[in-house]
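Q: In my numbering, the protein residues as written are 1 to 328.
Now the structure itself:
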């Protein structure tokens, strides 16, 4: 039996008081797989479909030859100015991985955020994340620097990305002990095929501390769209190499299990994979990227798809096999 009620289109970001779209827009492809015009079309489509949560980073897309980083932020900033909609969306960025402001020292954080604000054309971001756990910098310094940004009005919330649970706990203890603004948002990779980072201890920390857990790479670098199954037509993709890590018998079995659910529900494999993530405990939002406006429109209904217990069980069984294959 299918659930009678659809899932919520918006969710609370932990206990922060900030509400975001269940589906956030990941923009690492802006300036890479989507040029400015296509990126603006994606942003327009996302907003028209009710999306309000835009995620970027100072380092996007410095891996492209000739790029310096900040291309994604600049595209978003131009769109925000042209549409006059800054107050209608939640914007989060990440600092610490850009070439011009590497690491999370106080100097790098401030330099990185000031550059991000210029590119975004705004006086503040809603969430500023440390994009990596920079173990060369004392955690006390990172915590204090992020807190200062909130105190100065340059950010509303502090977030971290790619931090181990114990390091998040340490950062929280330091903030509480010093009176600094504590971490309120955690970004972590999470999908049917990559579960170990976001489950277990991290889920416990998120629950106990009232944090907002935002999942990224929810389609396993595109593998969970189904386009990489044996026999499927080859689809040129800048992310194909990233998806190869999941090309095992178990990985393909997971996609086929998702296909069965999708066929029964009349939805896509990608929607099923996203709905699975959104149904996990503690998830505030799942970030999805798109190369075209059509793609983002196709993904948005996943926010309201609720899987039943039998569907979740079948997907979990297939995914467990994939995990065994990849660890063998």
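Even glycine gets a Cβ: it sits at the ideal position worked out from N, Cα and C.
The structure presented is a predicted model; accordingly, all values stated were derived computationally and were not measured.
Out of 137, 56, 63, which has the shortest C-alpha to C-alpha gap to residue 113?
A: For residue 113, the nearest C-alpha among the options comes from 56.
Q: Would you report the Cα separation of residue 161 and residue 35, rounded to the nearest angstrom?
A: So the alpha carbons of these two residues sit roughly 26 angstroms apart.
Q: So what does DSSP say about residue 198, is it helix, strand or coil?
A: Of the three classes helix, strand and coil, the one that applies to residue 198 here is coil, per DSSP.
Q: On the DSSP bridge list, what partners appear for residue 285?
A: Residue 285 is bridged to 214.
Q: I'd like the span of the beta strand (DSSP E) that includes residue 88, first residue to last.
A: Residue 88 -> no beta strand (DSSP E), and no H or E assigned at all.
Q: Throw me the rounded Cβ distance for the residue 250 and residue 223 pair, which I believe falls under 8 angstroms.
A: About 12 angstroms; that fails the 8 angstroms criterion.
Q: Nearest-angstrom Cα distance between residue 233 and residue 87?
A: Here residue 233 scores only 47 on pLDDT, less than 50, and its place in the model should not be relied on; the value that follows carries that caveat. So the two alpha carbons sit approximately 43 angstroms from each other.
Q: If contacts are defined as beta-carbon pairs under 8 angstroms, then residue 342 and residue 287 qualify, I think. What distance do you get, rounded to the angstrom?
A: Residue coverage of the chain in this structure runs from 1 to 328, which leaves residue 342 outside it and unanswerable.
Q: Which same chain residues end up closer than 6 angstroms to residue 67 when comparing Cβ atoms and leaving out the 5 residues on each side of it in sequence?
A: Closer than 6 angstroms at Cβ, skipping near neighbours: 61.
Q: Can you find a heavy atom of the ligand HEM that lies under 7 angstroms from the Cβ of residue 215?
A: In the structure on display, the ligand HEM does not appear, and there are no ligands present to speak of.
Q: Quick one: which unbroken alpha helix (DSSP H) runs of 4-plus residues sit fully inside the region 32-64? Chain order, please.
A: Segments of the alpha helix (DSSP H) lying fully in the region 32-64: 36-48.
Q: Quick check on residue 233: does DSSP put it in helix, strand or coil?
A: At residue 233, the pLDDT of 47 sits below 50, so the modelled position is not reliable; the number obtained from the coordinates is stated separately. Residue 233: coil per DSSP, three-state reduction.
Q: Taking the alpha-carbon positions, what's the residue 154 to residue 95 distance?
A: Cα to Cα, residue 154 sits roughly 13 angstroms from residue 95.
Q: Three-state secondary structure (DSSP) at residue 8?
A: Note: residue 8 maps to coil in three-state DSSP.
Q: Is there contact here, the region 113-123 with the region 42-54, by at least three beta-carbon pairs under 8 angstroms?
A: These segments do not touch.
Q: Take residue 168 and list the residues in its own chain whose beta-carbon comes closer than 7 angstroms to its own, dropping the five residues that flank it on each side.
A: Excluding residues within five positions, the ones whose Cβ falls inside 7 angstroms are 160, 183, 186, 205.
Q: Taking only runs that begin and end inside the region 246-313, name each unbroken alpha helix (DSSP H) of 4 or more residues, in chain order.
A: Counting only runs of 4 or more, we get 249-265, 269-278, 293-299.
Q: Are residue 146 and residue 130 closer than 8 angstroms when you measure CB to CB?
A: Yes, these two residues count as a Cβ contact at 8 angstroms.
Q: Starting from residue 101, follow the alpha helix (DSSP H) in both directions and report where the run begins and ends.
A: Note, residue 101: premise wrong, no alpha helix (DSSP H); not H, not E.
Q: Please name the residue, chosen from 203, 255, 136, 209, that lies closest to residue 219 on a Cα-to-Cα basis.
A: When each option's Cα is compared against that of residue 219, the closest is 255.
Q: Ordered along the chain, which non-local residues of its own chain (more than five positions away) have a Cβ less than 6 angstroms from that of residue 275?
A: Around residue 275: 302, 305, 307.
Q: Is there a Cβ from chain D that is less than 8 angstroms from the Cβ of residue 296?
A: Absent from the structure: chain D. Only one protein chain is present.
Q: Which value, in whole angstroms, describes the spacing of the CA atoms of residue 265 and residue 91?
A: C-alpha separation (whole angstroms): 33 angstroms.
Q: Would the beta-carbon of residue 329 fall within 8 angstroms of that of residue 191?
A: Here the chain covers residues 1 to 328 and nothing more, so residue 329 does not appear.
Q: Measuring alpha carbon to alpha carbon, tell me which residue in 47, 18, 16, 12 is nearest residue 294.
A: Among 47, 18, 16, 12, the Cα nearest to that of residue 294 is on 47.
Q: Tell me the rounded alpha-carbon separation between residue 111 and residue 69.
A: Straight-line Cα distance between these residues: approximately 14 angstroms.
Q: First and last residue of the beta strand (DSSP E) that includes residue 160?
A: 155-161 is the extent of the beta strand (DSSP E) around residue 160.
Q: What does DSSP give as the partner residue(s) for residue 125 in the beta ladder?
A: According to DSSP, which records beta bridges pairwise, residue 125 is partnered with 155.
Q: Could you tell me the boundaries of the beta strand (DSSP E) in which residue 184 lies?
A: Per DSSP, residue 184 belongs to the beta strand (DSSP E) from 183-189.
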